[in-house]
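Okay, structure first, notes after.
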Amino acid sequence: MAMTTTAQTAAKNPRATLQDWLPKLVLAPSFALILLFVYGFILFTAVLSFTGSKLLPDFSAWVGFNNYVRLFNHPNWITSLKNLAIFSFLYIVICSVLGLGLAILLDQKIRGEGVLRPIYLYPMALSFIVTGVAWKWFLDPGIGLEHVMHLWGWESFSFRWIKDGKMAIYTIVIAAIWQSSGFVMAMFLAGLRGVDNEVIKAAQIDGASTITIYRRIIIPLMRPVFLSAFVVLAHLAIKSYDLVVAMTDGGPGTATWTPALFMQKFTFGRNEMGMGASSAIIMMIMIFSIIVPYLYSELGGGKKQ
Amino acid sequence: MLRKLLIGTMLSGALTAGYAAPSFADEVEVLHWWTSGGEAAALDVLKKKLESQGVTWKDMPVAGGGGEAAMTALRARVTAGDPPTAVQALGFDITDWAKQGVVGDLTDIATKEGWDKVIPAALQQFSKYDGKWIAAPVNVHSTNWIWINKKALDAAGGKAPETWDELIAVLDKMKANGISPIGHGGQAWQDATIFDAVVLAEGTDFYKQSMIDLDPAALNSDKMVEVFDHMAKLREYVDADFSGRDWNLASAMVIEGKAGMQFMGDWAKGEFLKAGQKPGVDFVCIRFPGTQGAVTFNSDQFMMFKVGDAEKKAQDLMASDIESPDFQSAFNVVKGSAPARTDVPNTAFDDCGKKAIADLAEADKNGKLFGSMAHGHANPAAVKNAMYDVITRHFNGEMDSKAAAAALAEAVAAAKG
């Protein structure tokens, strides 16, 4: 009997070992690829940002922090940062508010929700390039909205933000919000559907008005959704490139440059690969400063429970 | 997943193997961005000629961005150690690539055919690096042109302006006649194209000092302030919707008579010809007032990369074909530019083309042929774009002329560093 048990464990062991190792084996290739193509290249870019590389990577010319100094002395980078601040603040806040508002309205168990929901969600299915080109034409005073209003007889109508260096960045905000708010709405709608009905019933019995219920109970319960929406929108804002290229290509003048546009133009257009790399590193630091606290709060929160 | 990955690796391996397979000896792979109708037709002349000589043409067109996308594609190919045979390139990009030590050598064929004598020295500066021929120039575009709608000019007095004051007088009359005097697109390079001509009008010495030698004293000088004042003045004659407009749409405005004139290189002529207009009858081509006799140019060249001995024969043949007078004539008639060699007969060209050839020869003889700053033939990309920033900001009213001149000197110094 003792012998059979040993035989059994011996037979079982290789299988158990395999089961132990299989997930690691299966994951290993993708892990290796990510290690190389994501983190490896982040490191590569970081090293590059300390070199005086121009057309091609050149690791013989070390310049220390010179690229970063030049970067923060460059008027276009300052413009890009200012635009990023304006863009991301308005984009995140308005998208969240609009998304939550739409979600609450759709959550009133109305008829035709199945038709309405996709209508708001579909802009997300378009690429930013398509959105950008469409809005560029729509906002162009010569062919778009202003022109149509003039044709309809409203001669004094004027909306030429996209041609105005001071206002052009706001037109990009408008297009981006149009594109993304439906998606944020879907996130909030999912959150709202997850709210326990018992809680709401209890509040109703206590005599709370609908507004109070939303303000004091439901919206506070949406906290994780706000967080997810914030992270999704914030990284989209920092990466914002295609929309800007399609709508204004940084113009008028340099009024709508963003950090991503700066990175592309300097690395590939101006043969300033070192400076382009340093701007990419700054962008990565910005993204990390959003993602890391988020991950920390999510994972830390999970432990507390 | 592992299986998928394996298959993927095998597939991509096979693909790379396909890429790395040695190309046939009599084949040239050509990277270019001449994809629009007229340009493609012009390039087809070369392709046909080579094919009649038994050389296969492997086309690698990368459209868009004035060659920026093509240069990005080239980076990838060169980094992978597999450059194309010939690459369309402009000005300082050629020098930048030469510095990387990856370009070929055409000196043998160039010496045999005597290129040194027939190609203007200003062009050779880009076609040669370290005393070696590395690129075959295809054409010369000059950028200090004005294209005027003949009807609009007749309505504004009929006399083509020869001085700054006459130009302003014509523009004023056109404005009074109810059209937008200048057809212009608000993109940095287009603003810079006008800027080129305005600087050149201040004198060829000043152009050389400020745009080519990058002398800080010339960049931030009273003359430069005047240049910016002129730019601000011209800005008054541009319609309100100009920002972001493509250059060919601005040409269309002049063709349709909605705008009076356009400041643009001679590729604009192609748009007029395509619309069935005749030089001298429907439109007039003049040099920017005060720049007659001098020419700012940009020149498309085929930069040759290092290839094996077997492919070298086809590469040399291609270079030789590019410089043959009959190709130079056939290509440039279609493209709207002037031939890169000065000894090509002008019989096949229209009046504007003849003027371009004559002006070019004259400017070359008198040492008044300069690379265009706006088109990357006066200074490297980093400096050029630093200038763009200031010019376009000023043109869009973000700063006054004095501040712009100071900012120009500062931006150039920073970009050089």
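Taken in order, these protein sequences are the chains called B and U. Position one of the first sequence corresponds to residue 1 (my numbering), numbered consecutively onward. Position one of the second sequence corresponds to residue 306 (my numbering), numbered consecutively onward. In this text, a Cβ means the ideal position worked out from N, Cα and C, and glycines have one as well.
Whole-number beta carbon distance between residue j and residue i, since they are thought to touch under 8 angstroms
{"i": "A679/U", "j": "F500/U", "result": "7 angstroms"}
{"i": "L189/B", "j": "D107/B", "result": "6 angstroms"}
{"i": "F50/B", "j": "T377/U", "result": "Their Cβ separation, rounded to whole angstroms, is 23 angstroms, which puts F50/B and T377/U out of contact at 8 angstroms."}
{"i": "S289/B", "j": "Y68/B", "result": "Contact flag wrong, Cβ pair sits at about 17 angstroms."}
{"i": "G165/B", "j": "E541/U", "result": "Incorrect: roughly 17 angstroms between the Cβ atoms, too far for contact."}
{"i": "Q723/U", "j": "L336/U", "result": "A question about residue 723/U goes unanswered here, because the residues of chain U that appear run from 306 up to 722."}
{"i": "G182/B", "j": "Y120/B", "result": "4 angstroms"}
CB contact below 8 angstroms: residue i versus chain B
{"i": "A708/U", "result": "no"}
{"i": "Q620/U", "result": "no"}
{"i": "Q567/U", "result": "no"}
{"i": "T400/U", "result": "no"}
{"i": "A403/U", "result": "no"}
{"i": "A711/U", "result": "no"}
{"i": "A687/U", "result": "yes"}
{"i": "Q492/U", "result": "yes"}
{"i": "E561/U", "result": "no"}
{"i": "D551/U", "result": "no"}
{"i": "N684/U", "result": "no"}
{"i": "D435/U", "result": "no"}
{"i": "A474/U", "result": "no"}
{"i": "E703/U", "result": "yes"}
{"i": "D270/U", "result": "The requested residue 270/U does not occur in the structure, where chain U is confined to residues 306 to 722."}
{"i": "A690/U", "result": "In the sequence on display, residue 690/U carries Asn and not Ala. So, interface residue."}
Beta-carbon gap between residue i and residue j smaller than 8 angstroms
{"i": "S80/B", "j": "P259/B", "result": "yes"}
{"i": "G575/U", "j": "G641/U", "result": "yes"}
{"i": "F636/U", "j": "T390/U", "result": "no"}
{"i": "V423/U", "j": "V407/U", "result": "no"}
{"i": "A229/B", "j": "G99/B", "result": "yes"}
{"i": "A687/U", "j": "N83/B", "result": "no"}
{"i": "A599/U", "j": "K673/U", "result": "yes"}
{"i": "G490/U", "j": "L539/U", "result": "no"}
{"i": "L395/U", "j": "D605/U", "result": "yes"}
{"i": "D546/U", "j": "P141/B", "result": "yes"}
{"i": "A234/B", "j": "S127/B", "result": "no"}
{"i": "V350/U", "j": "E332/U", "result": "no"}
{"i": "I162/B", "j": "L139/B", "result": "yes"}
{"i": "A441/U", "j": "Y693/U", "result": "no"}
{"i": "S447/U", "j": "F602/U", "result": "yes"}
{"i": "L713/U", "j": "F593/U", "result": "no"}
{"i": "V717/U", "j": "L472/U", "result": "no"}
Environment of residue i [buried if 16+ CB atoms lie within 10 Å]
{"i": "P327/U", "result": "Low confidence applies to P327/U: its pLDDT is 42, below 50, so where it sits in the model is not reliable enough to give any reading."}
{"i": "N449/U", "result": "buried"}
{"i": "W338/U", "result": "buried"}
{"i": "P293/B", "result": "exposed"}
{"i": "E334/U", "result": "buried"}
{"i": "I42/B", "result": "exposed"}
{"i": "W362/U", "result": "buried"}
{"i": "N671/U", "result": "exposed"}
{"i": "T340/U", "result": "exposed"}
{"i": "I129/B", "result": "exposed"}
{"i": "V559/U", "result": "buried"}
{"i": "Y324/U", "result": "Any reading at Y324/U must be qualified, since the residue scores a pLDDT of 42, below 50, and its modelled position is unreliable; the value itself is stated next. It is exposed - the Cβ of Y324/U has fewer than 16 other Cβ atoms within 10 Å."}
Residue-chain proximity (residue i, chain U), Cβ-Cβ < 8 angstroms
{"i": "P23/B", "result": "no"}
{"i": "R215/B", "result": "no"}
{"i": "N197/B", "result": "no"}
{"i": "P141/B", "result": "yes"}
{"i": "R70/B", "result": "yes"}
{"i": "L261/B", "result": "no"}
{"i": "N67/B", "result": "no"}
{"i": "G64/B", "result": "no"}
{"i": "G251/B", "result": "yes"}
Heavy atom of the ligand PLP within 7 angstroms of residue i beta-carbon
{"i": "T400/U", "result": "This structure does not include the ligand PLP; it has no bound ligands of any sort."}
With 9 angstroms as the C-beta to C-beta threshold (strictly closer), list the residues of the segment 498-514 of chain U near chain B in chain order.
none
Check each residue of the segment 367-395 of chain U: if its Cβ is closer than 9 angstroms to any Cβ of chain B, include it; give the result in chain order.
G370, E373, A374, M376, T377, R380, V383 and T384
Got a sec: which bits of the segment 536-548 of chain U sit with their beta carbon under 9 angstroms from any beta carbon on chain B, in order along the chain?
D544, A545, D546, F547 and S548
Which residues, in order along the segment 15-43 of chain B, keep a beta-carbon less than 7 angstroms from a beta-carbon of chain U?
V26 and P29
What are the residues in the segment 152-186 of chain B lying within 8 angstroms of chain U by C-beta distance?
R160, I162, K163 and G165
Contact residues within the segment 269-293 of chain B, judged by C-beta distance below 8 angstroms to chain U
G269, R270, N271 and E272
Residues of the segment 592-620 of chain U with Cβ closer than 9 angstroms to any Cβ of chain B, in chain order:
none
Name the residues in the segment 70-93 of chain B whose C-beta lies less than 9 angstroms from a C-beta of chain U; which are they?
R70, N73, H74, P75 and N76
Using a Cβ-Cβ cut-off of less than 8 angstroms, give me the residues of the segment 228-255 of chain B that come near chain U, in sequence order.
T248, D249, G251, P252, G253, T254 and A255
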